[in-house]
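Remarks on the structure that follows.
Here it is in structure tokens:
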């Protein structure tokens, strides 16, 4: 794998840390600003919605400069947002800082996915994408638990200062390691938007929203679930997040490996198993050991869907992949926002801290249904093309070769 993938992984590490660390610090942030846990959950929802809006906007703006320079500008925006969050005097400013940081998220992963895929041979594209996303998953093994520990012991503001420093390291990594590439030529908004007329692109994005939303329904409220239901101490959440991160790393690498060989079967298995595990989480959350095992499985199965879903969008939008790739990253975060909101609703309704797991299971089942529909449509389309070719005269089949 090219060394430039390391630079992309470094940037992904910083972005992954700021995205997920807030979940381990929700009680501290809520107490500092004197708001409820569901209200503090808007820091997750707001970040996710910022990714959804920022992904297409920043990607289209990025067509005016080289991809390397755009990646550097995005890391700069990420740094500013985290500094604002660290210095926020009131909850509203904290939320604004989260949104500013989130504007860089979708475009960085979207443009980064295209860059990563272009750096390797066609049969290794999903693996290259998975390598970049490894930075995001490793963030959950190292960055998020460490940030949670620091936030609980030295104050959550210290965590966001350190996250901003991670952004500086990511910026330097991109500047030093990512090769210069020419500015995309001939890119038109109409051309990029044409990819969204492909029903397979839309189905893949809907699978992204629902499938990854299932993960966030459970993980957004992991701290109160583990402390109030499983009986863990607040300090133990750090190690539970390490387990979640380890599951993410393994699932991401397995997903990338098999997506290059058997993409749709990989989606069927991972989404079906994710729905089952999330449903069981409502029961296993009452036992410390079972809850810990389940957290690993949720991370593994959830991130096993990331490389195949991202590759499927790139494949189906091959003529204009940059915007579609970025929007699909936004779709991941739209799922995050939807599930965090729904999870907050069921908690606020008095259904308990395990109720979001049922929300996640329903979302994962819905994603599996769409995956099956997508596979059936693809087979039908391939069968129709085969019948047309088989029924054509030799002259008709050969005709395109004479042009």
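In the numbering used here, the protein residues as written are 394 to 796.
All C-beta atoms, glycine included, are put in the ideal place defined by N, C-alpha and C.
Sequence-distant residues of its chain with Cβ nearer than 7 Å to residue i (five each side left out)
i, result
"residue 448", "499, 500, 503, 719, 720, 722 and 723"
"residue 469", "564"
"residue 554", "479"
"residue 617", "430 and 746"
"residue 591", "709 and 710"
"residue 752", "610, 732, 735, 736 and 739"
Span of the alpha helix (DSSP H), counted from its first residue to its last, around residue i
i, result
"residue 547", "537-547"
"residue 495", "484-511"
"residue 622", "No alpha helix (DSSP H) contains residue 622, which DSSP labels as neither H nor E."
"residue 440", "435-454"
"residue 590", "From DSSP, residue 590 is part of no alpha helix (DSSP H); its letter is neither H nor E."
"residue 745", "Residue 745 -> no alpha helix (DSSP H), and no H or E assigned at all."
"residue 475", "460-480"
"residue 523", "518-531"
"residue 418", "397-426"
Same chain only: Cβ atoms within 8 Å of residue i, ignoring 5 sequence neighbours per side
i, result
"residue 436", "415, 419, 422, 487, 488 and 491"
"residue 801", "Nothing about residue 801 can be reported from this structure: the residues present for the chain run from 394 to 796 only."
"residue 593", "705, 709, 767, 770 and 771"
"residue 627", "420, 545, 616 and 620"
"residue 567", "400, 401, 403, 404, 461, 464, 465 and 468"
Classification of residue i by the beta-carbon crowding that lies within 10 angstroms, buried from 16 upward
i, result
"residue 518", "buried"
"residue 427", "exposed"
"residue 506", "buried"
"residue 434", "buried"
"residue 429", "exposed"
"residue 653", "buried"
"residue 573", "exposed"
"residue 483", "exposed"
"residue 682", "exposed"
"residue 461", "buried"
"residue 454", "exposed"
"residue 704", "buried"
"residue 730", "buried"
"residue 663", "buried"
"residue 478", "buried"
"residue 762", "exposed"
"residue 741", "exposed"
"residue 743", "exposed"
"residue 495", "buried"
"residue 774", "exposed"
Beta-carbon contacts of residue i that lie in its chain and below 6 Å, excluding the five residues immediately before and after
i, result
"residue 497", "467, 470 and 471"
"residue 562", "none"
"residue 659", "651, 652 and 701"
"residue 684", "623, 677 and 678"
Residue ranges of each alpha helix (DSSP H) run of no fewer than 4 residues wholly in the stretch 634-715, ordered along the chain?
With a minimum length of 4 residues, the continuous alpha helix (DSSP H) runs that stay inside the stretch 634-715 are 656-677, 681-696 and 699-709.
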